[in-house]
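Numbering (the working numbering), first residue to last: 7 to 333. All residues carry an ideal CB built from backbone N, CA and C; glycine is no exception. Predicted, not measured: the structure shown is a model, and the values here were computed from it. Single-structure report; data block below.
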Ligand SMILES: [Zn+2]
Ligand SMILES: [Zn+2]
């Protein structure tokens, strides 16, 4: 069983997933590199994973596989769960962690990482995300579907076989709520002033694509290091067309997203950086969100000041980071 719990006072949630728990000494031992021989994600070990949900490819020749995460952060069995967030006394707000946690194996090849795939193969990975998002959004109690990738030990994975994950659960993440509120507020102001565009992100990407933080641009997408980057070499990817969710991107736009993502990953590979990326989709209304991908290389660790102040010290300016990518 897992449980969503809210901070006493703040709009800050955690998931208590005690089943995945480790004793304190186990947290320090993260040197588990799997070889292809013992890898559950490799062809030939399909019966070692939970029951497959989806695959790209044929019965004995797959390119992408999706199955439930063995160590799910949320519970799939909805009959027994109570997904509704409630408060027991004025300080304890909680719900059971309800939803689906899935793994997307991006390639059958143990030796390849996402960066090594062709752009067309990366597009197939993103199309798989979209299929899963569409299906998971329809499920009872699901309020949000987050697609994310952990690459490398410093990004939280010890499994080397290239994969990403999807968590669909009974909460709209606070960060999405904050962004949607800020976007709505800007849109209202812009409408009152008759200023176009109403979407703050449409305006921001137009400014950044001519700034010294611009990284790459093609027909449909632009990526840049954000003005207040939290991590060295952080990159945001935005479609030029205003769409709320990745699911509304057309084939050309998906290709252009993967084209830019690959270019950035090729640069990160130069110093073998661990990284995370995740897709930020809106929850519905057209003027409440502008889909984007955030990519955070994990070169530095947040320490006491960052945790204590939530003010992050980033030792590489986004302008220098952009220059590195462009070189
Ligand atoms: Zn493998
Ligand atoms: Zn927009």
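A direct Cα-to-Cα measurement between residue 51 and residue 71 gives close to 12 Å. With respect to the C-alpha of residue 12, the residue from 87, 100, 82 and 143 having the closest C-alpha is 100. Around the C-beta of residue 168, 16 or more other C-beta atoms lie within 10 Å, and the residue is accordingly described as buried. Between residue 244 and residue 222, the gap from beta carbon to beta carbon reaches 8 Å or more. Looking at the DSSP output, residue 264 sits in no beta bridge, so it has no partner there. Taking 8 Å as the cut-off, the beta carbon of residue 233 is found closer than this to the beta carbon of residue 219. Looking at the backbone, the Cα of residue 10 and that of residue 217 are separated by about 41 Å. Annotation for residue 300: the continuous beta strand (DSSP E) segment containing it runs 298-303. Here residue 189 is actually not in contact with residue 174; their C-beta atoms are around 23 Å apart, not less than 8 Å. Rounded to the nearest whole angstrom, the C-alpha separation of residue 122 and residue 212 is 30 Å. In this structure the segment 276-285 lies against the segment 147-159, because at least three pairs of beta carbons, one per stretch, are closer than 8 Å. Going down the chain, each residue whose beta-carbon is closer than 7 Å to a heavy atom of ligand 2 shows up: 203, 205, 207, 208, 248 and 296. By the CB criterion at 8 Å, residue 276 and residue 286 fall outside the cutoff. With contacts defined as CB atoms closer than 8 Å, residue 186 and residue 105 fail to qualify as a contacting pair. Ranked by Cα distance from residue 16, the options 74, 194 and 181 are led by 181.
Within the model, the alpha-carbon separation for residue 253 versus residue 236 is close to 27 Å. Relative to ligand 1, residue 47 has its C-beta within less than 7 Å of a heavy atom.
In the displayed model, residue 137 falls within a helix according to three-state DSSP. Pairing residue 135 with residue 163, the inter-Cα distance amounts to about 19 Å. Boundaries for residue 223: no alpha helix (DSSP H) harbours it, while the beta strand (DSSP E) harbouring it runs 220-223, taken from the DSSP string.
The beta carbon of residue 202 sits closer than 8 Å to the beta carbons of 196 from its chain, once the five residues preceding and following it are set aside; these are given in chain order. As the crow flies, the alpha-carbon of residue 264 is around 18 Å from that of residue 250. Within the segment 187-266, complete alpha helix (DSSP H) segments of at least 4 residues are found at 206-214, given in chain order. Not one heavy atom of ligand 1 sits closer than 7 Å to the Cβ of residue 169. It is roughly 10 Å from the alpha-carbon of residue 267 to the alpha-carbon of residue 242. The beta carbons of residue 78 and residue 21 sit no closer together than 8 Å.
Residue 314 sits in a helix when the DSSP states are folded into three classes. Counting other Cβ atoms within 10 Å of its Cβ, residue 272 stays below 16 and is therefore classed as exposed. Within 7 Å of the C-beta of residue 157 there is not a single heavy atom belonging to ligand 1.
Secondary structure of residue 67 (DSSP, three-state): strand.
For the pair residue 296 and residue 204, the CB atoms are not nearer than the 8 Å cut-off.
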